[in-house]
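For the sequence shown, full-length UniProt numbering begins at 1 and goes up steadily by one.
Heads up: the structure comes next, in structure tokens.
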Amino acid sequence: MRWPGMRQRLYAALAATLLIRLLTLGMYPLTDTTEARYGEMARKMLETGQWIVPQIDYGVPFWGKPPLSVWLTAISYRLLGVTEFAARLPSLLMGVLICWLAYLVAARRHGADHGLRASLVVASCVLMLVSAGGVMTDPAMVAGTTLAMVACWLTLTGGSGRWGYLFFLGLAIGLLAKGPVATVLTLAPILGWALLTGRVRQLRERLPWRGGLLLTAALVLPWYWAAERQTPGFLHYFLLGEHVYRSTVSGWTGDRYGSAHAFARGTIWLYALAATLPWSPWLLWQLLRRKATLPLTPFNAGDGWTLYLLCWMLAPAAFFTLAGNILPTYVLPGVVGFGLLTAEIWRQRLRRPCAGVPEALAMVAPTLVLFAVLALAPQADTKSQKGVMAAYQADLRTQVGLVYFRQRPASAQFYSGGAAIELHDVEALQRHLDRTPVCYVVMRRSAFVHLPAQLRARLGLVDGPHRDDYLLLRKSAGASGWTIPPPS
Numbered sequence: 001m002r003w004p005g006m007r008q009r010l011y012a013a014l015a016a017t018l019l020i021r022l023l024t025l026g027m028y029p030l031t032d033t034t035e036a037r038y039g040e041m042a043r044k045m046l047e048t049g050q051w052i053v054p055q056i057d058y059g060v061p062f063w064g065k066p067p068l069s070v071w072l073t074a075i076s077y078r079l080l081g082v083t084e085f086a087a088r089l090p091s092l093l094m095g096v097l098i099c100w101l102a103y104l105v106a107a108r109r110h111g112a113d114h115g116l117r118a119s120l121v122v123a124s125c126v127l128m129l130v131s132a133g134g135v136m137t138d139p140a141m142v143a144g145t146t147l148a149m150v151a152c153w154l155t156l157t158g159g160s161g162r163w164g165y166l167f168f169l170g171l172a173i174g175l176l177a178k179g180p181v182a183t184v185l186t187l188a189p190i191l192g193w194a195l196l197t198g199r200v201r202q203l204r205e206r207l208p209w210r211g212g213l214l215l216t217a218a219l220v221l222p223w224y225w226a227a228e229r230q231t232p233g234f235l236h237y238f239l240l241g242e243h244v245y246r247s248t249v250s251g252w253t254g255d256r257y258g259s260a261h262a263f264a265r266g267t268i269w270l271y272a273l274a275a276t277l278p279w280s281p282w283l284l285w286q287l288l289r290r291k292a293t294l295p296l297t298p299f300n301a302g303d304g305w306t307l308y309l310l311c312w313m314l315a316p317a318a319f320f321t322l323a324g325n326i327l328p329t330y331v332l333p334g335v336v337g338f339g340l341l342t343a344e345i346w347r348q349r350l351r352r353p354c355a356g357v358p359e360a361l362a363m364v365a366p367t368l369v370l371f372a373v374l375a376l377a378p379q380a381d382t383k384s385q386k387g388v389m390a391a392y393q394a395d396l397r398t399q400v401g402l403v404y405f406r407q408r409p410a411s412a413q414f415y416s417g418g419a420a421i422e423l424h425d426v427e428a429l430q431r432h433l434d435r436t437p438v439c440y441v442v443m444r445r446s447a448f449v450h451l452p453a454q455l456r457a458r459l460g461l462v463d464g465p466h467r468d469d470y471l472l473l474r475k476s477a478g479a480s481g482w483t484i485p486p487p488s
């Protein structure tokens, strides 16, 4: 029996990686907080026809991020229906675009097999796999930064003139997906590389700065202007709050849409190592063995490609080193540079012992994702209100209201189709029960046990306590009520 050749094995591994991610997109509910929030904003966008500024609640603008990812999800809903699969599909398509760009630039250097190696490493990094199936803004932003980085390199190394304009298109995509931070994470590694290799003049002369900046401005500024005009105060909050205070103030309390994530300075480097599993230990091992032939010294050997990849890979972690308010996804733009650098070393190890190790590593991450989804999907309700909504729909006898007391997760809005309302105090809940003969109320067990006894007596249990300790209760004319003892 003849074993498949290298190219066939690479194609098979890459196809398996993408297929596993595709098949798992709809296997679990949208989870709180990030996925359900962005999924619900896209649903509201489609429902209301308000396409300029996303809404975190009806009539309440969302200023945390630009709308590109929400636009893509809303379009997906329109084409495929409002489902978990449709919500996650745009992120997967962005992941495919990122891998194709990695293939393109690598194949131009060393042929199709090398391009496949590069795209396979990028696709199989843990953070890329997770992000490519999540409802979030990062995949769209990284598609923009990757396009800009690839286009810049191809422009500087003799590519056609259109790549220069595609560089500025990549900047525009990043600005519409995440904001100015995308531009910083693109220009910082490019300028660092140009300074270290003495190619600043080449950078200035090869890129079409005048026409390119006009292209970026024409694509980006109309939305920023329209968003500020429609919701005054957006620019101040977004540019200062989201881009300055969020990254520099540990435990920042001005976040309108959640709580700040306070971590020790330098934690981002641990995230970078974890994000690039299972490849990061292998890459470090190869570099430390001193047998890898990668020309790390001098850095500007040849055309400077090695240093370009190093700057690309390290820029996000370096930029956020002193930031206290961080998330693991902040290192995602550097994963592409990491994948391309790893592919360079992989190519040099092809005729050495254990040359098949990288192919095995490439299947570790997607296989783990598949088993994790299959094992954890039944428990996913603990981070989503989908199960509570299913119990509500199963018990629903007529078109009556649904109230969340004290806390309404984003997934409750998504799975109720925006019908769930939120009440914050006992008096408001009492008034609501007084004027509605039948209604459903969802609250945590801890909130229920602290209700006045006469109010508890008006609510009967429908479902619970489970699903992150939420209770589904029903008030009706003749309800006998239900009580729950306080936790011991």
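We put the CB at the ideal spot given by N, CA and C, even for glycine.
Since the structure is predicted, the reported quantities are computational estimates derived from the model, not experimental observations.
In the pairwise beta carbon analysis, the segment 48-62 is classified as not touching the segment 153-171: fewer than three pairs are separated by under 8 Å.
The C-alpha of residue 460 lies about 24 Å from the C-alpha of residue 383. Rounded to the nearest whole angstrom, the C-alpha separation of residue 443 and residue 41 is 23 Å.
DSSP lists 55 as the bridge partner or partners of residue 61. Ranking 406, 417 and 86 by CA distance to the CA of residue 427 puts 406 first. The alpha-carbon of residue 385 is positioned some 17 Å away from that of residue 446.
Per DSSP, reduced to three states, the secondary structure at residue 266 is coil, with no helix or strand assignment.
The distance from the Cβ of residue 169 to that of residue 215 is about 7 Å, consistent with a contact at the 8 Å cut-off. Residue 387 sits in a helix when the DSSP states are folded into three classes.
Residue state for residue 443 is assigned as strand, using DSSP reduced to three classes.
Between the segment 269-282 and the segment 319-334, the count of C-beta pairs closer than 8 Å reaches three or more; the two stretches touch.
The shortest CA-to-CA distance from residue 266 to any of 317, 221 and 224 is the one to 317.
Under the DSSP assignment, residue 423 falls outside any alpha helix (DSSP H), being part of the beta strand (DSSP E) whose first and last residues are 421-423. Judged by beta-carbon spacing, residue 402 lies beyond the 7 Å limit of residue 411, meaning their Cβ atoms are not closer than that value. Under the three-state reduction of DSSP, residue 115 is assigned to helix. Pairing residue 181 with residue 101 gives a Cβ-Cβ distance that is not under 7 Å.
By DSSP's assignment, residue 429 forms no beta bridge with any residue.
Contact between residue 212 and residue 177 fails: their C-beta atoms lie close to 18 Å from each other, not under 8 Å. Under the three-state reduction of DSSP, residue 406 is assigned to coil, being neither helix nor strand.
Between the segment 57-68 and the segment 109-128 there are fewer than three inter-stretch CB-CB distances shorter than 8 Å, so the stretches are not counted as touching. Under the three-state reduction of DSSP output, residue 475 falls in the strand class. When C-alpha distances from residue 88 are compared across 134, 80 and 207, the shortest belongs to 134.
The residue among 184, 152, 279 and 434 with its C-alpha nearest the C-alpha of residue 120 is 279. In the three-state reduction of the DSSP assignment, residue 18 falls in the helix class.
Straight-line measurement puts the Cα of residue 469 at about 47 Å from the Cα of residue 310. By the beta-carbon neighbour count (other beta carbons within 10 angstroms, threshold 16), residue 111 is exposed.
Per DSSP, residue 180 is one residue of the alpha helix (DSSP H) stretching across 180-197. Counting of Cβ neighbours within 10 angstroms places residue 124 among the buried residues, the total reaching 16 or more.
Every alpha helix (DSSP H) stretch that sits fully inside the segment 274-347 and reaches 4 residues is listed by chain position as 279-288 and 305-319.
Taking the Cα positions, residue 203 is about 7 Å away from residue 194.
Fewer than three pairs of CB atoms, one per stretch, sit closer than 8 Å, so the segment 62-72 makes no contact with the segment 418-435.
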